[in-house]
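*Asks:* In this text, residue positions in the sequence shown follow the numbering used here: the first is 2, and each later residue adds one. All residues carry an ideal CB built from backbone N, CA and C; glycine is no exception. My structure is below; once you've seen it, I'll send some questions.
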Amino acid sequence: MTSRSLLSALAVCACCAAASKSEAQFSVASTGESLTVAEIETALDNAGVTVSSTALDGVALGPGNTVFIIHNDSGALTVAHIDLTSKAANWVKTEAQILTDLSLSGNLTLVGEFVYDSTNDRLVLASDINAVAPGDPWTVFEIDASASPYTAATLVSSPGIQGWNSHDVTSTGVIVGALGEEFEVLTGGEPKTVFIDETTTPGSPAAVDLFDVDDFKAATAAGAGDEITGELPPETVGIDPSDDTIYIFGHDNFELLAIEGLSATDPIDPEVLGWDDALTPGGSRVDLHGLEVDGNGTVYGFDEAAAQIVLWDGADVPTDVTGAIAFADIATDLGNALGAAEPVLWRGMKARALTATQSELFIATAASDFGLIRVVIDAGGASVGNWERY
Numbered sequence: 002m003t004s005r006s007l008l009s010a011l012a013v014c015a016c017c018a019a020a021s022k023s024e025a026q027f028s029v030a031s032t033g034e035s036l037t038v039a040e041i042e043t044a045l046d047n048a049g050v051t052v053s054s055t056a057l058d059g060v061a062l063g064p065g066n067t068v069f070i071i072h073n074d075s076g077a078l079t080v081a082h083i084d085l086t087s088k089a090a091n092w093v094k095t096e097a098q099i100l101t102d103l104s105l106s107g108n109l110t111l112v113g114e115f116v117y118d119s120t121n122d123r124l125v126l127a128s129d130i131n132a133v134a135p136g137d138p139w140t141v142f143e144i145d146a147s148a149s150p151y152t153a154a155t156l157v158s159s160p161g162i163q164g165w166n167s168h169d170v171t172s173t174g175v176i177v178g179a180l181g182e183e184f185e186v187l188t189g190g191e192p193k194t195v196f197i198d199e200t201t202t203p204g205s206p207a208a209v210d211l212f213d214v215d216d217f218k219a220a221t222a223a224g225a226g227d228e229i230t231g232e233l234p235p236e237t238v239g240i241d242p243s244d245d246t247i248y249i250f251g252h253d254n255f256e257l258l259a260i261e262g263l264s265a266t267d268p269i270d271p272e273v274l275g276w277d278d279a280l281t282p283g284g285s286r287v288d289l290h291g292l293e294v295d296g297n298g299t300v301y302g303f304d305e306a307a308a309q310i311v312l313w314d315g316a317d318v319p320t321d322v323t324g325a326i327a328f329a330d331i332a333t334d335l336g337n338a339l340g341a342a343e344p345v346l347w348r349g350m351k352a353r354a355l356t357a358t359q360s361e362l363f364i365a366t367a368a369s370d371f372g373l374i375r376v377v378i379d380a381g382g383a384s385v386g387n388w389e390r391y
């Protein structure tokens with residue numbers, strides 16, 4: 002495969018770096034709230050769930066102009082499917098109802114992502130429900146989004162998936178998960194990626210090993226010429242809905258890798274994309290706790306360390322322009338300079354293409370300062386990188 006790498010320092014304004022002509026130019030077209038705090042409260046109240054506080058614990062993109070949100074009311078979670086045009090909840094599912102469906106009790110402590118699988122019309126989530134010891138199972142489960150009563154059902158429940166910290170779903174409904182550093186701490190095993198393909202094991206899906214940390218380290222040597230000697234545990238997963246390319250961000254040594262195709266019998270080896278040299282404007286390494294791909298080939302990374310979202314245009318060239326959207330700027334644009342416009346870890350950022358040159362990015366924050374934030378991003382023609390806002 003052809004190795005693809007990123008610019009060693011993130012471009013933060015038009016004068017910072019000249020780019021190859023194959024690179025897209027980006028600019029923020031608008032920033033706003035698709036759902037305000039009051040609109041979320043009203044939607045839930047009208048659906049029969051009375052809330053006393055408003056904070057979000059995740060967002061997933063639904064069909065048409067709809068979204069799924071996870072609402073957190075002082076620890077009590079509610080999943081809601083909301084129409085962004087009418088601002089009304091199509092349906093809600095409470096934490097208590099989900100636990101009953103799963104034949105569990107206690108608290109629904111979520112880990113990993115919150116993803117809508119359009120192929121199977123379901124939501125895919127994960128939890129360490131009641132897990133307190135290394136031998137306790139963690140659970141990947143689904144919520145049927147097609148019809149009432151929107152039943153939750155267990156997909157995989159096993160101590161073998163302890164440390165599950167990220168997942169996404171391919172266009173064929175295959176779930177790809179990352180078992181990162183916590184997996185190693187809890188089980189002693191090598192951090193790795195796995196997949197759950199229910200078509201290969203009907204009635205009893207299982208988490209099947211895909212690639213582990215050593216495969217990712219070997220890919221760095223194949224792609225960049227110097228194999229990582231330290232750790233490279235998978236931290237977060239994002240899948241391109243246009244071609245099912247699986248993006249993996251490796252922590253500790255900060256590499257972005259890709260698996261361009263997936264098959265239970267012949268998975269394609271991971272390819273290093275070279276994000277190891279990418280730096281934030283402040284000079285620190287990019288540290289991603291969320292990956293999204295919008296369908297136009299733009300990759301979005303939630304850089305927790307620098308409180309920003311970094312973007313990459315996905316071009317297969319040696320010097321790809323990257324840029325950063327600071328959460329402080331988003332908060333200022335929304336008139337709340339002191340608010341925390343930072344996404345919930347892993348579950349708080351989603352993106353999708355609107356047109357061939359425009360995408361929308363949704364941010365769900367854990368603070369009650371904001372509702373559901375929407376940032377519209379323009380990707381213009383091939384030219385010098387143009388980061389007008391930053």
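Terminal residues of the continuous beta strand (DSSP E) containing Q1?
*Replies:* Past the edges of the chain, shown from 2 to 391, lies residue 1, and the structure says nothing about it.
*Asks:* Taking 8 Å as the limit between beta carbons, can you name the residues of its chain near P271, skipping five residues before and five after?
*Replies:* Any reading at P271 must be qualified, since the residue scores a pLDDT of 49, below 50, and its modelled position is unreliable; no value is offered.
*Asks:* Kindly indicate which three-state DSSP category K351 falls into: helix, strand or coil?
*Replies:* Strand, per DSSP.
*Asks:* Let me know if D321 comes out buried or exposed under the rule of 16 or more other beta-carbons within 10 Å of its beta-carbon.
*Replies:* In this prediction, D321 scores a pLDDT of 41, lower than 50, which makes its location untrustworthy; no coordinate-derived value is stated.
*Asks:* Starting from N47, follow the alpha helix (DSSP H) in both directions and report where the run begins and ends.
*Replies:* Segment 38-47, the alpha helix (DSSP H) holding N47.
*Asks:* With DSSP run on the structure shown, which of helix, strand or coil describes S23?
*Replies:* For S23, the predicted model reports a pLDDT of 42, less than 50, meaning its position is unreliable; a value from the coordinates is still stated below. Residue state, collapsed to three classes: coil.
*Asks:* Between which residues of its own chain and A56 is the CB-CB distance below 6 Å, once the five residues before and five after are set aside?
*Replies:* Same-chain partners within the cutoff: N73, A367, S369.
*Asks:* Could you work out which residue in P138, L62, W92 is closest to A148 when comparing CA atoms only?
*Replies:* Of the candidates P138, L62, W92, the one whose C-alpha sits nearest the C-alpha of A148 is W92.
*Asks:* Buried or exposed for D304, going by 16 or more other Cβ atoms inside 10 Å?
*Replies:* Label assigned to D304: buried.
*Asks:* For S159, which residues of its own chain have a beta-carbon under 6 Å away from its beta-carbon, when the five flanking residues on both sides are left out?
*Replies:* Closer than 6 Å at Cβ, skipping near neighbours: P138.
*Asks:* Would a C-beta distance cut-off of 8 Å place V141 and I176 closer than the cut-off?
*Replies:* A contact, by the Cβ cut-off of 8 Å.
*Asks:* Could you compute how far the alpha carbon of L103 sits from the alpha carbon of N121?
*Replies:* Approximately 19 Å, taken between the alpha carbons.
*Asks:* Span of the beta strand (DSSP E) holding I247?
*Replies:* Looking at the DSSP string, the run of the beta strand (DSSP E) that includes I247 is 247-251.
*Asks:* In terms of residue numbering, what span does the alpha helix (DSSP H) encompassing A332 cover?
*Replies:* Element bounds for A332: 328-334.
*Asks:* Would L124 pass as a contact of E96 if the rule is Cβ separation under 8 Å?
*Replies:* Not a contact, by the Cβ cut-off of 8 Å.
*Asks:* What does the Cβ neighbour count give for S360, buried or exposed, with the cut at 16 atoms within 10 Å?
*Replies:* Counting Cβ neighbours within 10 Å, S360 comes out buried, since at least 16 surround it.
*Asks:* Using 10 angstroms around the beta-carbon of A127, count the other beta-carbons present and answer buried if the total reaches 16, otherwise exposed.
*Replies:* With 16 or more Cβ atoms within 10 Å of its Cβ, A127 is classed as buried.
*Asks:* Indicate, with yes or no, if the ligand ADP has a heavy atom lying under 7 Å from the CB of S243.
*Replies:* In the structure shown, the ligand ADP is absent, as is every other ligand, since no ligand is present at all.
*Asks:* So, is T173 buried or exposed, given that buried needs 16 or more other C-beta atoms within 10 angstroms?
*Replies:* Exposed is the call here.
*Asks:* Tell me whether D213 sits in a helix, a strand or coil according to DSSP, three-state version.
*Replies:* Note: D213 maps to strand in three-state DSSP.
*Asks:* So the candidates are T188, N108, D145; which of them puts its Cα closest to the Cα of P135?
*Replies:* Taking only the C-alpha atoms, the option nearest P135 is T188.
*Asks:* Kindly identify the DSSP beta-bridge partner or partners of Q309.
*Replies:* D304, A327, per the DSSP bridge assignment.
*Asks:* Give the single residue among G372, L373, T358, A354 whose Cα lies nearest to the Cα of G65.
*Replies:* G65 has its Cα closest to that of A354, out of G372, L373, T358, A354.
*Asks:* How big is the Cα-Cα spacing for I310 and L292?
*Replies:* Cα to Cα, I310 sits roughly 10 Å from L292.
*Asks:* For L274, which of helix, strand or coil comes out of DSSP?
*Replies:* Residue confidence for L274 is low, a pLDDT of 46 falling below 50, so the modelled location carries little weight; the figure read from the coordinates is stated next. Here L274 sits in coil by DSSP.
*Asks:* With distances taken Cα to Cα, identify the nearest neighbour of T358 among N166, A380, L373, T32.
*Replies:* The option with the nearest alpha carbon to T358 is A380.
*Asks:* Might you give, ordered along the chain, the residues of its own chain that have their beta carbon closer than 6 Å to the beta carbon of F196, omitting 5 neighbours on each side?
*Replies:* V175, V177, V209, L211, listed in sequence order.
*Asks:* Leaving out five residues on either side along the sequence, give the residues of the same chain with a beta carbon under 6 Å from the beta carbon of S54.
*Replies:* The residues are D74, S75.
*Asks:* Going by beta-carbon coordinates alone, are V60 and F371 separated by less than 8 Å?
*Replies:* For V60 and F371, no; Cβs fall outside 8 Å.
*Asks:* Tell me the rounded alpha-carbon separation between L312 and D241.
*Replies:* About 14 Å.
*Asks:* Would you call P344 buried or exposed, if buried means 16 or more other Cβ atoms sit within 10 Å of its Cβ?
*Replies:* By the neighbour-count rule (16 or more Cβ atoms within 10 Å), P344 is buried.
*Asks:* Work out the CA separation of V300 and D314 for me, nearest whole Å.
*Replies:* Going from the Cα of D314 to the Cα of V300 covers about 6 Å.
*Asks:* Between E42 and the rest of its own chain, which residues show a CB-CB distance below 8 Å, the 5 nearest in sequence each way excluded?
*Replies:* The residues are V52, T55.
*Asks:* Please report the distance separating the alpha-carbon of E114 from that of L289.
*Replies:* Cα-Cα distance, rounded: 14 Å.
*Asks:* If you reduce the DSSP assignment to three classes, tell me which class V112 lands in.
*Replies:* The answer is strand: DSSP assigns V112 an E or B state.
*Asks:* Can you tell me which of F69, V50, D145 puts its alpha carbon nearest to the alpha carbon of D58?
*Replies:* The shortest C-alpha separation from D58 is found at F69.
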